[in-house]
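Throughout the sequence shown, residue numbering follows the numbering used here, covering 6 to 105 in sequence.
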Amino acid sequence: MAKDAVFTMKIEPELRDKFMEEAERLDRSASQVVREMMREFVSKQEEERVYDKWFRAELEEAIRESDDPNAETFSHEQVMAETRAIIEERIRAAKSARDD
6 MAKDAVFTMK IEPELRDKFM EEAERLDRSA SQVVREMMRE FVSKQEEERV YDKWFRAELE
66 EAIRESDDPN AETFSHEQVM AETRAIIEER IRAAKSARDD
């Protein structure tokens, strides 16, 4: 990739000096380190946007489903009873496997 753009920024002299020392310890140029940080930042922002879009779509779907008068609902007690049964079955299976 061609590196023909210049990026100028103002930072405190102490931060610049420490940054340059750390980059040198890694045997890398300051530009290499900054490019890597920029790529990581851009990638993280893109991932967060994708997740946010997915999450909002899931939330909107859940709201639509909860507003549906024909939606099947479950009481807290029913969900907890089914969950306890699953947990107890897994405990029994683990004990059985351990005893074999």
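Note that CB positions come from ideal geometry on N, CA and C, so glycine has one too.
**Prompt:** Would DSSP call ASP22 helix, strand or coil?
**Reply:** Residue state, collapsed to three classes: helix.
**Prompt:** Looking at the structure shown, is ILE16 part of a helix, part of a strand, or coil, going by DSSP?
**Reply:** Of the three classes helix, strand and coil, the one that applies to ILE16 here is coil, per DSSP.
**Message:** For ALA62 and GLU70, which I take to be in contact (beta-carbon distance under 8 Å), what is that distance rounded to the nearest angstrom?
**Reply:** With a contact defined as Cβ atoms closer than 8 Å, ALA62 and GLU70 miss out at about 13 Å.
**Item:** Per-residue DSSP class, three states only, for LEU64
**Value:** Per DSSP, reduced to three states, the secondary structure at LEU64 is helical.
**Prompt:** Going along the chain, which residues of its own chain have a beta-carbon closer than 6 Å to the beta-carbon of MET42, five neighbours each way excluded?
**Reply:** No residues qualify anywhere along the chain.
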